[in-house]
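When you read off a place in the sequence shown, starting at 1, and then add 759, the result is the number in the numbering used here.
Working notes, beginning with the structure itself.
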Amino acid sequence: MLPNISWEFNLFSDFGAFLIALPISVGLILALLLAVFYRIKKGLIPRSFLIFLFILGFSLLFLTSVMLTILQYQSFMSGPIKYALPPYKPLSEYFLGYAFLSFWSTWIVGLVVTGVVSIYWWIVKKQSGGLRINSKEILIFMLFGALAGWPAVMVYVFFVFAMYIGALLTLNLVRMDSERRIPILKLLHRFIKDDEVRTPIMPYFILAAPFAFLLSPTIFKILGLTGLYIVPRLFY
Numbered sequence: 760m761l762p763n764i765s766w767e768f769n770l771f772s773d774f775g776a777f778l779i780a781l782p783i784s785v786g787l788i789l790a791l792l793l794a795v796f797y798r799i800k801k802g803l804i805p806r807s808f809l810i811f812l813f814i815l816g817f818s819l820l821f822l823t824s825v826m827l828t829i830l831q832y833q834s835f836m837s838g839p840i841k842y843a844l845p846p847y848k849p850l851s852e853y854f855l856g857y858a859f860l861s862f863w864s865t866w867i868v869g870l871v872v873t874g875v876v877s878i879y880w881w882i883v884k885k886q887s888g889g890l891r892i893n894s895k896e897i898l899i900f901m902l903f904g905a906l907a908g909w910p911a912v913m914v915y916v917f918f919v920f921a922m923y924i925g926a927l928l929t930l931n932l933v934r935m936d937s938e939r940r941i942p943i944l945k946l947l948h949r950f951i952k953d954d955e956v957r958t959p960i961m962p963y964f965i966l967a968a969p970f971a972f973l974l975s976p977t978i979f980k981i982l983g984l985t986g987l988y989i990v991p992r993l994f995y
């Protein structure tokens, strides 16, 4: 349930709430679609398909931001705050900053955060022989980071690391139990390829997305970090 924010949203409350929730809803659908596709194709998802989803996701974010900006302008024009708009004041004095902070900055920050992390992985870690990541994985990572937006992107990155590190630790334990003496680990042996030299991170980019989308509001409430939300409309 989205909060009743203030009078300026009353003009388009139903449609505005739909637009605000749309990126998260689409993100959940894409996560499910990619999980199924990854399973069917055994990890061999075509680059062209990922590029299509990447463009689709960012087109959605751009269009929803444009529509919310227009609706907010129309709503402002019907109230006393119209005196902060043309012809009384230039757009740059108040409205553009408000619209950017409310409808654009959240997903842009999500994109920047995942972009910076990707650059670090691609350049620094690749040269040091650490985590290896390919361009297809980066597309998925940045797409879900943008759809999650700020500050949920931090939860997304955390879950990616937690899941991946947990998988690596489990993998090492399974390989150490080569004689299959531990019953719990014995069940996992059939999923391990002995000749595999790289544990792909792509499935964890996909699996972490729903957790970030659905749990980040609760996590920030519990931690008392709701102030990280740029605008209260993102908190439900």
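The beta-carbon is built from N, C-alpha and C at its ideal position, and this holds for glycine as well.
This structure is a prediction, so every number in the text was calculated from the model and none was measured.
The alpha helix (DSSP H) that contains residue i, what's its start and end?
i       : result
Ser-975 : 961 to 982
Phe-821 : 806 to 836
Leu-855 : 854 to 858
With a cut-off of 8 Å on the beta carbons, I'd call residue i and residue j a contact; round off their distance for me.
i       : j       : result
Gly-786 : Ala-907 : 7 Å
Ala-905 : Leu-870 : 4 Å
Phe-964 : Ile-899 : 5 Å
Kindly indicate which residue of the options has the alpha-carbon position closest to the one of residue i.
i       : options                            : result
Leu-778 : Ile-981, Thr-929, Leu-803, Leu-820 : Leu-820
Pro-959 : Ser-818, Ile-924, Phe-774          : Ile-924
Met-826 : Leu-781, Leu-789, Gly-802, Ser-851 : Leu-781
Ser-818 : Ser-837, Val-872, Ile-892, Ile-867 : Ile-867
Leu-860 : Thr-828, Leu-973, Gly-874, Lys-841 : Thr-828
Leu-902 : Ala-971, Leu-982, Leu-830, Leu-850 : Ala-971
Leu-809 : Thr-823, Ser-824, Leu-792          : Leu-792
Leu-966 : Thr-985, Ile-783, Ile-788, Ala-794 : Ala-794
At a Cβ threshold of 8 Å, is residue i touching chain C?
i       : result
Leu-987 : Among the protein chains of the structure shown there is no chain C, as only one such chain exists.
Q: Ignoring anything shorter than 4 residues or poking outside the region 876 to 922, list the alpha helix (DSSP H) runs there in chain order.
A: Scanning the region 876 to 922 for uninterrupted alpha helix (DSSP H) segments of 4 residues or longer gives 894 to 907, listed from N- to C-terminal end.
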